[in-house]
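The sequence shown maps to residues 1 to 302 in the UniProt record's numbering.
Structure, as C-alpha cells:
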Amino acid sequence: MTIAPHAPLLCIGSVLWDVIGRAPEPMHAGADVPGKITRLPGGVAMNIAMALARHGVRPTLLTAIGRDAEGEELITACAQLGMITDHIHRPADLPTDRYMAVEDSAGLIAAIADAKTLETAGARILDPVTDGPLGRPHAPFQGTIALDGNLTETLLAQIATSDAFAAADLRVAPASPGKALRLKPFLAHPRATLYLNLEEAGLLCDNRFPHAEDAAQALISLGLSRVLVTDGANKAAEASAEGLRALAPPQVRIARVTGAGDTFMASHIAAELAGFPRAEAFVSALNAAAHYVSQGADPCFS
C-alpha cells in the first residue's frame, strides 16, 4: 500500500541539531571513555518528519529555526531530507536550538535539550495554520498533525482548545517524561491520539502502572480518545473506544535508543495513512521501532 503524495501532514515542534555521544561499553558517573560523537538533524518533530519521509510522506514543518549559520545549514538539511520548509518561523535574533545526549551500550545516560528559541517563538510558529496558507478560522486544517510536547504548556493548551485544530487528526507525543504533564489538555480532545511510554502514561494519570495495558485503560477512562503506550522490550498497548490490544515487540539487540519513540509514532501514522487496519498499523510500528533500535535505521513497511 502507498500513501497519497498530496495527503496533508504537519509536523509541529522541535527541529534542531542532535549532538549525540555513544560509548560501546557501559558507563558510570564521571566516566571518560572513547566513543563516537555525531551531529545530525533532530528534535521530536524532525525525527517524526524524517521517518515519515522514508515512508513516502512529504511533511510540512512548523517550528522555529534561527538565521545563524547552524540554522541555514539545518534548513538545507531539512529540504534535502524531503520536508517542506516554506512555513518555518525564522527569528533573526535567536540561535538555532540544540539537543545533547550521552548513550552507552545499555541506552541513554543523560540528555540536555536547549529549545529556548522554539519556546520563545511561541504561537508565531502556528501562524500558517491558524490564519495563513494552511488554515484559517473559516477553513480549519483538516489533515494529520504530528505534535510534540516541546512546545510550551500555554501553546499546547491553545492547540488543544482552538477551533483552528478542531478538524485535524492530532497525533501527540510528550517529547520526554518531564514534559508529559503538558499534554493534559488533550485528554478531553475528541480527535487526539497520544503516544506515550509507560512512565509518561503514569505521570499523566498521577499513578504507577505495572504494564502498558493498565496505563492505556486508565487513560481511556480519563476521557482520552485513543492512546498507544510502549514499555521498551515489554508489551505495548493500544486503547480506544474500540477496545484494547497488547503486543510484545520483537526482541532485538539495542544499538541506539534516541529517536525510537519518534520512529514508532511516525511508522504508525504512515501505516494508517496508507490504509492499514489499526491492528496491522500497530504491528508495523512495533517492527519499525525494533529495527530502528537494532540497526539505527527505520525501514519502510510493506
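The C-beta atom is built at its ideal place from N, Cα and C for all residues, glycine as well.
Mapping the DSSP letters down to three states, classify residue i as helix, strand or coil.
i: L286; result: helix
i: T38; result: strand
i: R54; result: helix
i: C300; result: Here the model assigns C300 a pLDDT of 47, short of 50, so the residue's position is not dependable and the matter cannot be decided.
i: M1; result: Any answer about M1 is weak, because its pLDDT of 46 lies below 50 and its placement is not dependable; what the coordinates show is given next. Here M1 sits in coil by DSSP.
i: D32; result: coil
i: residue 304; result: Since the first residue of the chain shown is 1 and the last is 302, residue 304 is not available in this structure.
i: I12; result: strand
i: A101; result: strand
i: V252; result: coil
i: V44; result: helix
i: I65; result: coil
i: V293; result: helix
i: W17; result: strand
Of the choices the options, whose alpha-carbon is the least far from that of residue i?
i: T142; options: A123, T85, D169, D131; result: Looking at the sequence shown, residue 142 is not Thr but Gln. Among A123, T85, D169, D131, the Cα nearest to that of Q142 belongs to D169.
i: D68; options: A167, P128, R90, G82; result: R90
i: A192; options: P137, L224, A164, D214; result: L224
i: L222; options: A188, P249, E200, L244; result: A188
i: P177; options: P190, S162, D148, D163; result: D148
i: I65; options: G82, I12, A53, I37; result: I12
i: K116; options: A288, R253, N150; result: N150
i: A236; options: A274, I84, L273, A290; result: A290
i: E242; options: A279, H211, V252; result: A279
i: E103; options: V293, A23, L273; result: A23
i: V283; options: G275, A271, Y292, I20; result: A271
i: residue 318; options: T130, W17, Y99; result: Within the shown structure, residues of the chain are numbered from 1 to 302, placing residue 318 beyond reach of any answer.
i: A79; options: E199, L61, H28; result: L61
i: H268; options: A281, A260, I125; result: A281
i: P59; options: D86, G71, K36, L74; result: D86
i: A164; options: P128, I109, V19; result: P128
i: L94; options: A121, H211, P34; result: A121
i: G43; options: T144, S14, A77; result: S14
i: A29; options: G71, D18, L108; result: L108
i: V252; options: L244, N287, S294, P140; result: S294
i: A146; options: P8, E213, I20; result: P8
i: L126; options: D97, F209, H138, L156; result: L156
i: L244; options: D231, A212, G232; result: A212
Looking at the unbroken alpha helix (DSSP H) that takes in residue i, where does it start and where does it end?
i: G71; result: 69-80
i: E272; result: 260-273
So residue i packs on residue j, CB below 8 Å; how close in whole Å?
i: residue 303; j: K184; result: Nothing in the structure corresponds to residue 303, since the chain is present only between 1 and 302.
i: A246; j: L219; result: A246 to L219, Cβ: 14 Å. No contact.
i: A51; j: T263; result: 5 Å
i: A274; j: I48; result: Not a contact, Cβ separation roughly 16 Å.
i: A110; j: Y99; result: About 12 Å; that fails the 8 Å criterion.
i: A53; j: L81; result: 6 Å
i: A173; j: G261; result: 7 Å
i: A167; j: P140; result: 5 Å
Please list the terminal residues of the continuous beta strand (DSSP E) segment that includes residue i.
i: D86; result: Unbroken run through D86: none, as it is neither H nor E.
i: V229; result: 226-231
i: E238; result: 234-240
i: A246; result: 243-247
- request: Counting only runs of 3+ residues fully inside the stretch 139-215, write out the beta strand (DSSP E) ranges in chain order.
  value: 144-148, 169-173, 192-197
- request: Enumerate, from N- to C-terminal direction, the unbroken beta strand (DSSP E) stretches of 3 or more residues contained entirely within the stretch 105-133.
  value: 107-114
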